[in-house]
Structures are given as structure tokens and as C-alpha cells.
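J.:
Number of protein chains: 2
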Amino acid sequence: MHSIEHVPAQKMREFIERCLARLGLPRRDAGAVAELMTEADLQGADGHGIFRLPQYVRRIQAGAVNVRPNIHLERERSAMALVHGDNGMGHLVMKFAAHTAIAKARTAGSAWVGVKMSNHAGPASLYAKMAMREDMIGLYLAVGNANHLPPWGGLEMLLSTNPIAVAIPGGDEPPIVLDMAPTVAAYGKVKVRAQRGEMMPEGWMVDREGRPLTDPRRMAEGLLLPIGGYKGYGLALVFGLLAGTLNGAAMGRAVVDFNADDSSVTNTGHAIVALDISAFDEVDAFKARVDDIARQMRSAERMKGVERIWLPGEQSQAKHAQRLRDGVPLAPALRRALDELAAELGVESLG
Amino acid sequence: MHSIEHVPAQKMREFIERCLARLGLPRRDAGAVAELMTEADLQGADGHGIFRLPQYVRRIQAGAVNVRPNIHLERERSAMALVHGDNGMGHLVMKFAAHTAIAKARTAGSAWVGVKMSNHAGPASLYAKMAMREDMIGLYLAVGNANHLPPWGGLEMLLSTNPIAVAIPGGDEPPIVLDMAPTVAAYGKVKVRAQRGEMMPEGWMVDREGRPLTDPRRMAEGLLLPIGGYKGYGLALVFGLLAGTLNGAAMGRAVVDFNADDSSVTNTGHAIVALDISAFDEVDAFKARVDDIARQMRSAERMKGVERIWLPGEQSQAKHAQRLRDGVPLAPALRRALDELAAELGVESLG
């Protein structure tokens, strides 16, 4: 192992903001994106934070992303909205959509907000957690920005690693935050392995003959494997129909591979659902029940060799606390890419 | 193979109705449950239809299910409701809940209805499809009625095979109906194998040492495996929190194992979400997009040896048509159990 540099979150946030502002995003928008991207790194979503910055910059420079979007409601009822993202940065579009869902759920009890004409928005949990912080349950779905998954039995990659996130507040216990793709591994994890020069375990990908593929440098010729075989295919399909097709956003062959293509508009789709807990019960009573369930899971008898039973999101929270304290680890290759970016944009480097 | 008897759906429906009416359900309620149970058998959910009748009868006879429930709204807002099932048959409670969600979504655009004090309601897709028939998207979650899944790394079975169903209408193509448990196999499938005297494939269950368990007669000492390892554990947990804990219904250690216990009230929880497609777009335009996605999947290049790519729910629909024509196959052991039931209740047998 190389010794890995650790960068304070605040420095990271400021660097991202500088880069995006230089590209023409209003300072406030650049700051909002930077905050969410840094949050992704803090919680350990290494494939979704600053790692994506060079790609975002290339896409903005190529005119594929609108730096001054008019994000607005295209359709609306008391418990739904369709947000038109005007091809803005996905983080900004999704923040708007989550706030819309929260405001509507406050009155209606629940709200479902669909999104079209957005872009890659980082880890799914960011937006589910926005509802959670308002004592709501947040549920988020998205169409990923590159197809890596064929339908079950197929070879043509028609589906992305369409993720789901569900965020449920606890009381004394940490919240339960599930954030997962319906594939054994997310593509971002494959990319991180490739950048770090590490091999993948068997079961993440197969080649076109169905043989295990473990070298991430060969990822372009591989297929991701869905969880539970045909079940994970079904989840990816249905999440894509809900987050993409319902909203008039890209799905199937219309999905732009944003790893290979810097200049096409992606028309990314998302969906965010907010559920107002106080409509169902006293919020504290609900949180106490969530705590009880969390403790039941954690205290279950363990299989031999298992040191601890984790709740979804618990490891991210531990990582968040640790990284806030010690800084975010940056692989040398990523550090070099960010320094080159700073030089190219003529902004102060990460420091 | 024995030659398997095939029973016309109509006869099956009438038999179930006779049995339930004899036990004190109002004739109309008995008919409604019988129709949904028969529908389960028609669509191939063999572990969820008439197969469950002897168990339902035992539970009603033991006073564990209320045959004349006052199913009502305990809480309500414009886009949510909490249904109190008054311990009625789950099919009746869920039918009420689905109709409530549909009515609210018609105005609000979407609605989330939680359910408490219900019972086992058969296959998840039944209720998601109720919304679908109204040109809505239906999403259903439930807490299963027996814990068969430990948290990841654990041995104590604290989670059930909490299912999800999503039903999305197509235009010229059949609808897309996903109905799955976040385990590699549903427990009902294990029970059907046991009754048929068939072995299970490796990967469905493990014993307490983590070794593959393939003999369904040993199911009581086995643990079901979640799809994608910790991911399926996360899905089962989160679906249970949404369908159970949020509604004040059983979850975790409070779940009654209704296979071992005929007399305890289960306080089963469900959730049903209805999304009004017309709030998002012209319904026909949406359905045309769903058709396009279905055709993309079906026409994808296939792996060697794969004859056809299926859409979720397509095989159930094919089975439904075939069983409506040829009758529902009944294993000899199940046939004997139903004949004994008829004799015990003093009703006309299946014929």
C-alpha cells in the first residue's frame, strides 16, 4: 500500500466549489453541489464524490450540462410533482425535488416527485436523507448513467445499476439508511478498484461467455451481475421504469453512457418519495420502535467468525465521523487528476 | 411423476367460498377472499392460494382471525391513510387498503396507505395489480408471517421474506408485474417442495453452520439466504420497517410464526402505494414507452442456450391463461387435505 493522503472535508468542498464556479455555475449553486459531493466522500461513497469531478468538468466544458438551469415544476398535484431539471447539475435538481416532496408531504402525508432532464447526482442516500432530517422517511430511485446490466439471460446491456435508497430516522440509535444498486457491485466500485489497481472478487462481473471477470481493467467487456439473478434484473427494470420512463427521462437504449460520452445530454431521471411520519404516529413513538428493531438485529446470535452485525448505513456513519475527523483519503491517481484539473482551470489547487 | 389433477378455477373459488362462509364470514367477504385466493393459484403462486386454506381455517377456528371485522381508517390525510384491519382476513383488509390508495391517488396524484392488524393476504402482486387496473402504478410491501431470515451474519431469524410487488401497465404488451421476496427463494416455495417431496437447489437455504441445506423436510432448521447477501438483508429490513413498524404492526421478534402457531393474532402489516399515471403524462403515451422498454428487453441479444428473455410477470400471465383454460394443478397431498377439510366442515367437496 502507498501511504494515502487525507484531505480535510472543508478543503475538498472549497476546491470543488472553486472549480464549478470557474465553469460558470452561480457561486451558490457551486457551493450546494460541492457540499453534496463532499458529503458523498465523507460517508464513504468513494465512486460518487470528488472522484467524479474531472468527469463533471469535462461534461460542463463540452456543453452537455446547463450551468444556469431553470429548474421548475412541469406538473403538480397535492401529492406529486414532475420536476424539469433543465439539464442542470443533478445535485441541484435533486435538492429541489427533495424539498418539493418534503413540502408536499408535510400537508398531504406523503408525496412522490418524479424528475426528468437531470444529471448524475451522486449517491442515492443523499436525497433520501434530506427527507429523514425532517422527521420523514425518504425513498429515492434513479436511472443510472451508463448501462452495465443486460436483462436476465441477455447480453445487451440495456439497464443501469438503478439504485434505491431508503432513509428511516432512529431515536437514540443511528438512522437506518439503505443505499444499494440491484447489482452485486455498483459500477462505481469497479471503477475505484481499477483506479487503485486492485482485483475484483468473483461474482461482481462476468464476461460475455458467462465466465467470472475479476480484472477491473477489463470492465468494458464485462457484464455486472444482478443480485438474486432474475430478481435483481426485475428490480433494476422496475426502478428504471419508475425513475425514468414514468417521468419521460432516459431508460433502456436511450441512456447515455456518460463514461464514454462527455457531450450528450443525459436526460437523467430520478424519483423521490417523502412520507411524513407524524401522519402515522407520534414521531418519538415511531423512532423508539425503530431503535428497538435496530437493537434486535444487532444483538442477534452471530454466525461463527462474525464480529458484529451491522445495520444498513451504520458503517457509512462511522466512516463519516472518522473522515470528518481525519480527512478524506485520496488515492494518488485521483490526487494527480485533481491537480491537473486545477492547473487546467486556473484555480488554486486542493492544497 | 404422479398424474396431477387439474381443477377448474370456478370450482376452486366456490369451494373456498363454501368453507369460509361455513366458518362465519359473510357470504360476500367469503367470495372476495375466494376470488383473490383463486387468482393466486391461477397466476402460479402455488404457495399462496388454496394451498393456504387449511391453515386459514385452523386459524379462524382457533379464534385467531376475526370473521366479522370492522376494517376502518384510523388516520387519514389527503395522500395517506392508516388502515386498521381489525384482525380480519388479510385479503379483505388489503382490498380495502388498495381501494383507499386508488381513490386518494386519483385526486392527490399519489397515495401511501399503511395497514396494521391484518393477516396473511396471499401474493403481493394481487394488490399492486388493483392499482394497475385503474391506470395507476401499484407498489406493495408486506411483513411476512414467519421469520426465516437472520440479519446478515446472524443466526437468529428476526426477519421475514418481506415481499415487494410493483405493477406497471403496458399498452399492447402485457403489464410488467414484479413480485418477489428479497430472499433467493420464498418460504412458500420451500413448503411446496416439501409437500411435493422434491429437493431444493443449493443456494436457497443454509443450516446454522452455513452449509447448504437442500432437503425441504429439514426447513425448520434452515435459514433462507437473502439475495445479494447483505443487500437482501437490507431490503427485508427496510420493507419490514415501512410495512410493519411505521404502521404499528408486527416486525422483528413480534412477528408470529403462523406456520407453528394457529391461535395468536398476527398483527400483520402491509403498505400499498398508488401512483396516478395521468398526473405525470398522457396514459397512452406512458404505456407506449413501457411497451418500448419491454420490447427492448425481449429483443436483446441472448446468452448461449437462452431461448427467451422474460419480463417480470410474463410467465405468471402465461400461466394464468393456461390455468384458466386447463384448470389449476393440485398435488395429491393437497387434494387429500382439502377433502379432509370439506368433510370436517361438512361442506361439499371440491368435486
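Taken in sequence, the protein lines are chains A and B.
If you're matching positions, the first sequence starts at 1 in this note's numbering and goes up one per residue.
If you're matching positions, the second sequence starts at 1001 in this note's numbering and goes up one per residue.
All C-beta atoms in this analysis are idealised placements derived from N, C-alpha and C, irrespective of residue type, glycine included.
Computed from a predicted structure; not experimentally measured.
Quick one: residues in its chain with C-beta nearer than 6 Å to the C-beta of GLU74/A, no 5 flanking neighbours on either side, listed in chain order?
T.: Taken in chain order, the residues that qualify are LEU82, HIS84.
J.: Along the chain, which unbroken stretches of the alpha helix (DSSP H) at least 4 residues long are found entirely within the stretch 54-110 of chain A?
T.: Within the stretch 54-110 of chain A, the complete alpha helix (DSSP H) runs of at least 4 residues are 90-108.
J.: In three-state terms, what does DSSP make of ASN1147/B?
T.: Correct three-state label for ASN1147/B: strand.
J.: Buried or exposed: where does MET1/A fall if 16 or more other Cβ atoms within 10 Å of its Cβ makes it buried?
T.: Low confidence applies to MET1/A: its pLDDT is 46, below 50, so where it sits in the model is not reliable enough to give any reading.
J.: Could you check which residue in HIS1120/B, GLU1039/B, GLU1221/B, ILE1227/B has the C-alpha nearest to that of GLY1203/B?
T.: Nearest of HIS1120/B, GLU1039/B, GLU1221/B, ILE1227/B to GLY1203/B, Cα basis: ILE1227/B.
J.: Give, in chain order, every unbroken run of the beta strand (DSSP E) that is at least 3 residues long and sits entirely within the stretch 1135-1191 of chain B.
T.: For the stretch 1135-1191 of chain B, whole beta strand (DSSP E) runs of length 3 or above, ordered along the chain, are 1136-1142, 1147-1149, 1164-1168, 1176-1180.
J.: At the level of alpha carbons, what is the spacing between LEU53/A and ILE16/A?
T.: LEU53/A and ILE16/A: Cα-Cα distance of roughly 7 Å.
J.: Using C-beta distances below 7 Å, list every residue in its chain close to VAL7/A, excluding the 5 sequence neighbours before and after it, in chain order.
T.: Hits under 7 Å: GLY327, VAL328, LEU330, LEU350.
J.: Quick one: list the residues of chain A neighbouring ILE1050/B, beta-carbon separation under 7 Å, in chain order.
T.: Correct list: empty, because the minimum Cβ distance to chain A is about 26 Å.
J.: Under 7 Å, do ALA1079/B and SER110/A count as touching if we go by C-beta distance?
T.: Yes; because the gap between Cβ atoms is below 7 Å, this pair is in contact.
J.: Please return the same chain residues whose Cβ sits closer than 7 Å to the Cβ of PHE96/A, not counting the five positions on each side in sequence.
T.: Cβ within range, chain order: ILE71, VAL83.
J.: At a Cβ threshold of 7 Å, is TRP1204/B touching chain A?
T.: It does not: the Cβ of TRP1204/B has no partner Cβ on chain A nearer than 7 Å.
J.: Going along the chain, which residues of the stretch 206-221 of chain A sit with their C-beta nearer than 7 Å to a C-beta in chain B?
T.: Answer set for the stretch 206-221 of chain A: GLY210.
J.: Return the chain-ordered list of same chain residues with a C-beta closer than 6 Å to the C-beta of ASP1046/B, the five sequence neighbours on each side being excluded.
T.: Around ASP1046/B: VAL1192.
J.: The beta strand (DSSP E) with GLU39/A in it runs from where to where?
T.: No beta strand (DSSP E) holds GLU39/A; the alpha helix (DSSP H) holding it covers 27-42.
J.: At 3 residues or longer, and completely inside the stretch 257-327 of chain A: list those beta strand (DSSP E) runs for me, N to C.
T.: The stretch 257-327 of chain A contains these whole beta strand (DSSP E) runs: 268-276.
J.: Given a threshold of 16 other Cβ atoms within 10 Å of its Cβ, counted over all protein chains shown, does LYS304/A qualify as buried or as exposed?
T.: Exposed: under 16 other Cβ atoms inside 10 Å.
J.: Among residues of its own chain, excluding the 5 on either side of THR1100/B, which ones have a beta-carbon nearer than 6 Å to its beta-carbon?
T.: Once the five neighbours on either side are set aside, the close Cβ partners of THR1100/B are ALA1081, VAL1113.
J.: Run down chain A in chain order and give the residues with a C-beta less than 9 Å from the C-beta of THR1245/B.
T.: Neighbours of THR1245/B on chain A, chain order: ILE168, PHE286, ARG289, VAL290, ASP292, ILE293.
J.: For VAL184/A, return the contacting residues in chain B, with the cut-off set at a CB-CB distance below 7 Å.
T.: Per Cβ cutoff of 7 Å: GLY1228.
J.: Helix, strand or coil for VAL255/A, going by three-state DSSP, please let me know.
T.: In this structure, VAL255/A counts as coil in the three-state DSSP scheme.
J.: Of all the residues that make up the stretch 1258-1283 of chain B, which are near chain A by a beta-carbon distance shorter than 9 Å?
T.: Result list: VAL1273, LEU1275, ASP1276, ILE1277, ALA1279, PHE1280, ASP1281.
J.: Could you work out which residues of chain A lie near LYS1231/B, taking near to mean beta carbons separated by less than 7 Å?
T.: Those within 7 Å of LYS1231/B in chain A are MET180, ILE227.
J.: To the nearest angstrom, how far is the alpha carbon of SER1316/B from that of ARG208/A?
T.: Rounded to the nearest angstrom, the two C-alpha atoms are 29 Å apart.
J.: Using only CA atoms, which one of SER1125/B, PRO1312/B, ASP1172/B, ALA1146/B lies nearest to VAL968/B?
T.: Residue 968/B cannot be examined here, being either before or after the span of chain B that is shown, 1001 to 1351.
J.: Are there 16 or more other CB atoms within 10 angstroms of the CB of PRO1163/B, so buried, or fewer, so exposed?
T.: Answer is buried; the Cβ neighbour count reaches 16.
J.: Tell me, to the nearest whole angstrom, how far the beta carbon of PHE280/A is from that of LEU1246/B; I am working on the premise that it is less than 8 Å.
T.: Right, the Cβ-Cβ distance comes to about 5 Å (below 8 Å), so this counts as a contact.
J.: What does the alpha-carbon distance come out to for the pair PRO69/A and ILE50/A?
T.: When rounded, the distance between both Cα atoms is 22 Å.
J.: Whose CA, out of ALA1146/B, TYR1140/B, ALA1034/B, lies closest to the CA of VAL1273/B?
T.: Out of ALA1146/B, TYR1140/B, ALA1034/B, TYR1140/B has the C-alpha closest to the C-alpha of VAL1273/B.
J.: Look up LEU224/A in the DSSP assignment and say whether it is helix, strand or coil.
T.: DSSP places LEU224/A in strand when its eight states are reduced to three.
J.: Can at least three beta-carbon pairs, one atom from the stretch 146-158 of chain A and one from the stretch 127-138 of chain A, be found at a separation below 8 Å?
T.: Touching, no, given that fewer than three Cβ pairs across the two stretches are closer than 8 Å.
J.: Could you work out which residue in PRO1175/B, ALA1181/B, TRP1310/B is closest to LYS1231/B when comparing CA atoms only?
T.: Of PRO1175/B, ALA1181/B, TRP1310/B, the residue nearest in Cα terms is ALA1181/B.
J.: Rounded to whole angstroms, what's the CA-CA distance from MET1019/B to VAL1177/B? Just pull it up for me.
T.: First, the amino acid is wrong: residue 1019/B is Cys here, not Met. Those two C-alpha atoms are separated by around 30 Å.
J.: Measure the CB-CB distance between VAL33/A and HIS91/A and report whether it falls below 7 Å.
T.: Their beta carbons are under 7 Å apart, which means VAL33/A touches HIS91/A by this criterion.
J.: Which bits of chain A does GLU1156/B rub up against, with CB to CB less than 8 Å?
T.: Here the neighbours are ALA300, GLU301.
J.: For a contact defined as C-beta to C-beta under 9 Å, what are the partners of LEU353/A on chain B?
T.: Nothing can be reported for residue 353/A, as the shown portion of chain A is limited to 1 through 351.
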